[in-house]
């Protein structure tokens with residue numbers, strides 16, 4: 049099911065074109081240490097995820113196979129998170145709750161979206177989930193000593209990888225979770241164990257290597273851009289920029305209100321946003337017995353789920369994808385609640401719940417999406433139909449007292465709806481204003497062997513066109529567009545809005561030829577111009 053919806057050849061903005069173009073330039077330049085975007089250092093993130101994409105680019109080139117395999121990488125990273133949830137649930141909760149935890153994880157709309165998108169947040173989610181899985185087993189008193197060193201090494205590698213994907217951000221998420229759990233549930237000995245060289249060395253080494261690479265290539269300016277502008281700037285909503293630096297400026301991101309995550313919980317966690325408050329109330333009700341293994345595990349899941357929401361709400365920059373590291377904890381917390389409710393209410397259901405209803409829903413959705421996935425209206429109606437019918441069936445099952453099947457069918461219906469909403473036809477329909485792949489072919493057909501510049505390029509269109517042509521694109525501004533066009537066989541692509549203002553430039557008046565004016569998307573039009581040869585007297589002068 050998770051393999052559906054990953055085959056459209058278009059790159060959807062703003063993330064996919066940027067990541068693809070960074071990977072392409074990484075291979076072309078041979079510089080795998082400091083990422084570049086349109087020829088300029090791109091210092092927002094360390095390069096581990098882009099290195100993975102660069103390897104896919106080397107195997108496939110700049111074509112539709114790269115797009116497919118890059119999205120497949122996101123699917124595999126999502127599978128990694130699901131596998132960790134499975135392993136933890138199998139140890140911490142009862143057997144019926146294992147599959148429920150997996151279904152609760154996979155029905156989350158944001159998880160489904162980003163496990164089908166070329167974006168590094170799903171890679172960060174996989175790395176932090178692996179770290180938390182290692183920590184969970186290390187926190188078990190009965191774990192044999194022979195198993196602890198591999199777990200410490202695994203935790204260190206996962207933490208180091210998380211830094212190499214998104215800098216210090218994951219440390220601000222998982223470290224408070226671990227410290228809070230150890231303090232509240234009497235696991236301070238585990239914290240001392242986590243300071244072992246088996247964990248510290250692989251966790252710290254990527255930080256030192258990345259900082260050394262930045263300093264070697266750009267000195268203190270690069271360190272300032274990454275650690276001050278990118279980290280503190282996004283947290284405090286202040287640029288801290290150095291004037292005149294030839295870098296891709298760090299995007300400080302969205303700046304919604306402090307309640308952004310709370311108001312978007314259903315869109316992020318799906319069904320878990322309804323179950324989580326009951327799980328937290330149950331944990332508070334039994335808080336006196338903190339050393340009980342069930343409470344200990346449920347407490348870890350609660351902190352894992354809630355702490356990132358609270359901590360990331362303090363930052364100025366907010367995106368729903370930033371909460372991917374919290375999703376496994378949320379799924380495990382809700383599965384533990386269901387397991388506890390069944391043990392207190394209907395323990396007999398633990399051994400006789402039926403997997404057939406959710407399996408039928410998922411199998412039917414998979415069969416239908418393979419047949420009708422290229423028909424946007426039919427796919428949309430089928431997605432809505434599965435959601436409505438699944439909700440009705442879940443209500444009937446709830447009335448019959450079959451709690452596990454109620455949750456499973458509800459999860460399956462949400463997943464079925466997601467399959468259709470991420471089918472290729474609906475992707476193209478909904479993201480028609482965010483893809484420039486087809487437009488890139490038109491541009492390069494006109495430019496041919498010429499040199500292409502872009503005037504004040506948008507963060508989506510420029511990487512899309514550069515990647516589509518597998519060629520470098522130059523940047524130019526209002527003052528330099530005339531000199532750029534003086535080059536032999538030089539072209540410049542300009543948005544129609546900026547073109548209207550640029551025509552008043554006296555250096556350009558009567559010295560260019562309009563090749564075409566064309567809609568790149570239904571909302572955006574662009575003009576492609578080429579310099580007109582000047583008389584010899586003017587050229588000499």
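Residue numbers (my numbering): 49 to 589. Each residue gets a CB set at the ideal place from its N, CA and C atoms; glycine is no exception.
Which residues does DSSP pair with residue i in a beta bridge?
i           : result
residue 575 : 542, 565
residue 524 : 503
residue 89  : 84
residue 560 : 579
List the endpoints of the continuous alpha helix (DSSP H) containing residue i.
i           : result
residue 105 : 96-108
residue 666 : This structure cannot settle anything about residue 666, because the visible part of the chain is limited to 49 through 589.
residue 408 : 404-420
residue 333 : 320-333
residue 315 : 313-317
residue 229 : 217-232
residue 245 : 245-271
residue 483 : Careful: residue 483 lies outside any alpha helix (DSSP H) and carries neither H nor E.
residue 117 : 112-140
residue 555 : No alpha helix (DSSP H) holds residue 555; DSSP gives it neither H nor E.
residue 428 : 424-447
residue 296 : Element bounds for residue 296: n/a, residue is neither H nor E.
residue 184 : 169-186
residue 463 : 451-469
residue 288 : That residue, residue 288, is in no alpha helix (DSSP H); it is neither H nor E in DSSP.
residue 536 : From DSSP, residue 536 is part of no alpha helix (DSSP H); its letter is neither H nor E.
residue 513 : 509-517
residue 74  : 63-77
residue 152 : 143-154
What do you reckon, are the CB atoms on residue i and residue j nearer than 7 Å?
i           : j           : result
residue 84  : residue 73  : yes
residue 550 : residue 574 : no
residue 494 : residue 576 : yes
residue 463 : residue 98  : no
residue 568 : residue 484 : yes
residue 406 : residue 437 : no
residue 466 : residue 160 : yes
residue 168 : residue 512 : no
residue 460 : residue 414 : no
residue 102 : residue 140 : no
residue 298 : residue 276 : no
residue 52  : residue 417 : yes
residue 452 : residue 401 : yes
residue 271 : residue 262 : yes
residue 427 : residue 421 : yes
residue 112 : residue 57  : yes
residue 274 : residue 96  : no
residue 106 : residue 75  : yes
residue 128 : residue 174 : yes
Cutting at 6 Å between CB atoms, please list the residues of its own chain near residue i, excluding the five before and the five after it.
i           : result
residue 89  : 82, 295
residue 344 : 233
residue 251 : 204, 207, 208
residue 149 : 133, 137, 379, 380, 383
residue 287 : 281
residue 196 : none
residue 258 : 94
residue 176 : 210, 218, 222, 373
residue 580 : 559, 560, 561
Near residue i, what residues of its chain come up, given a Cβ to Cβ distance below 7 Å and the 5 sequence neighbours on each side ignored?
i           : result
residue 469 : 431
residue 357 : 309, 371, 374
residue 49  : 410, 414, 463, 467
residue 199 : 182, 185, 186
residue 562 : 575, 577
residue 508 : 61, 62, 65, 482, 484
Contact defined as beta carbons within less than 8 Å: I believe residue i pairs with residue j. What is the distance between those atoms, to the nearest angstrom?
i           : j           : result
residue 216 : residue 284 : Rounded, the Cβ-Cβ distance is 15 Å, inconsistent with contact.
residue 211 : residue 254 : 5 Å
residue 603 : residue 163 : With the chain running from 49 to 589 in the structure shown, residue 603 is simply not present.
residue 64  : residue 166 : 4 Å
residue 386 : residue 145 : 6 Å
residue 104 : residue 114 : 6 Å
residue 519 : residue 61  : Contact flag wrong, Cβ pair sits at about 19 Å.
residue 369 : residue 306 : That belief does not hold up - the Cβ atoms of residue 369 and residue 306 are roughly 18 Å apart, past 8 Å.
residue 346 : residue 331 : 6 Å
residue 445 : residue 439 : No, residue 445 and residue 439 are not in contact; Cβ-Cβ is about 11 Å, not under 8 Å.
residue 86  : residue 510 : 6 Å
Near residue i, which residues of its chain fall below 8 Å by C-beta distance, leaving aside the five closest residues on each side in sequence?
i           : result
residue 530 : 553, 555, 556, 559
residue 501 : 521, 522, 523, 524, 529, 532, 533, 538, 539, 540, 541
residue 351 : 225, 228, 229, 232, 377
residue 236 : 230
residue 77  : 84
Does the beta carbon of residue i come closer than 7 Å to any beta carbon on chain C?
i           : result
residue 241 : Of the chains in the structure shown, none is chain C; there is only one protein chain.
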